[in-house]
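To start, the structure under review is shown below, and the notes come after it.
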Amino acid sequence: GQNIDQPTEMTATEGAIVQINCTYQTSGFNGLFWYQQHAGEAPTFLSYNVLDGLEEKGRFSSFLSRSKGYSYLLLKELQMKDSASYLCAVRKENTGFQKLVFGTGTRLLVSP
Amino acid sequence: DSGVTQTPKHLITATGQRVTLRCSPRSGDLSVYWYQQSLDQGLQFLIQYYNGEERAKGNILERFSAQQFPDLHSELNLSSLELGDSALYFCASSFGQGTYNEQFFGPGTRLTVL
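Written as structure tokens, this is what we have:
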């Protein structure tokens, strides 16, 4: 089976840094994605990690530790528009097919 | 705009009815994925098609079925609808059949079952 855990909600201030954690337990792990989703809108891709370490992409960075079943998304220089849900998704391989399993998401509220 | 289109945007229907949701993938993408997102469940993978063939199945109910046509558009059919089927249904597409390809999500269809 699979289990993906993220905090339900986080708050932060404009200009600050926030780290959103994701822990997972799954068989057939084959990579981890982060998506951003504004309320009522489609998820949009942020980052992808398959090897251990940090991937940096502008204000957003994502880290993966496969041995610990742990990832985080780091958002720097927060802006009001970063208020959204952040979804951690694990790519899981099973019998030759792959699928994405999403966590329930972390709702981030950025205040002035 | 991801390039993935979904119709209709909103759908209101009654219990017991049947509906069809439609998805057109990005130009050149061969894989289509269907997801259900309800308030308490998060984004749940339903099913994937690649170039017309079913490739992976998630938590899709027997009352639900899907297909991908030769022009690569896909339809998700939901029948004997129940109140609990009310949710946002997203379609996503990617070029390859493996999910290492980034998935691009459509705007979703909001289904309300009364």
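Protein chains in written order, with our numbering: chain A, 10 to 121; chain B, 844 to 957. The beta-carbon is built from N, C-alpha and C at its ideal position, and this holds for glycine as well.
Asked: Contact test: Q880(B) Cβ vs the ligand SAH heavy atom, cutoff 6 Å; Found: As presented, the structure is devoid of all ligands, the ligand SAH included, so that no description of it is given.
Asked: Same chain only: Cβ atoms within 6 Å of F111(A), ignoring 5 sequence neighbours per side; Found: L96 and A98
Asked: The region 901-913 of chain B touching the region 77-97 of chain A, judged by at least three CB pairs closer than 8 Å; Found: no
Asked: Reference T955(B); option with closest CA among H853(B), D844(B) and Q849(B); Found: H853(B)
Asked: Residues in the region 44-55 of chain A having any Cβ partner in chain B nearer than 9 Å; Found: Y44, Q46, G49, E50, A51, P52, T53 and F54
Asked: Inside the region 895-922 of chain B only - beta strand (DSSP E) runs reaching at least 3 residues; Found: 896-900, 907-911 and 917-921
Asked: Under 8 Å from the C-beta of Q911(B): neighbouring residues of chain A; Found: Here the premise fails: no neighbours, minimum Cβ distance about 15 Å.
Asked: Euclidean distance between Cα positions of V862(B) and G62(A); Found: 45 Å
Asked: Buried versus exposed, by CB contacts within 10 Å (16 or more), G10(A); Found: With a pLDDT of 45 at G10(A), under the threshold of 50, the predicted position of this residue should be treated as unreliable, and no value is reported.
Asked: Beta-ladder partner(s) of M6(A), from DSSP; Found: Outside the shown range of chain A, which is 10 to 121, sits residue 6(A), and nothing can be said about it.
Asked: Within chain A, partners of P950(B) - CB distance below 8 Å; Found: E50 and A51
Asked: Residue range of the beta strand (DSSP E) that includes H853(B); Found: H853 to T856
Asked: K108(A), buried or exposed, once every other Cβ within 10 Å from all chains shown has been counted against 16; Found: buried
Asked: Own chain residues within Cβ distance below 6 Å of G865(B), not counting five before or after; Found: Per the sequence shown, residue 865(B) should be read as Arg rather than Gly. Cβ neighbours of R865(B) beyond the five flanking positions: T850 and E918.
Asked: C-alpha distance - S70(A) paired with G49(A), whole-angstrom precision; Found: 25 Å
Asked: CB contact below 7 Å: A930(B) versus chain C; Found: Absent from the structure: chain C. Protein chains present are A and B.
Asked: Under 7 Å between C-beta atoms of I13(A) and Y33(A); Found: yes
Asked: Limits of the unbroken beta strand (DSSP E) element including I890(B); Found: G885 to Y893
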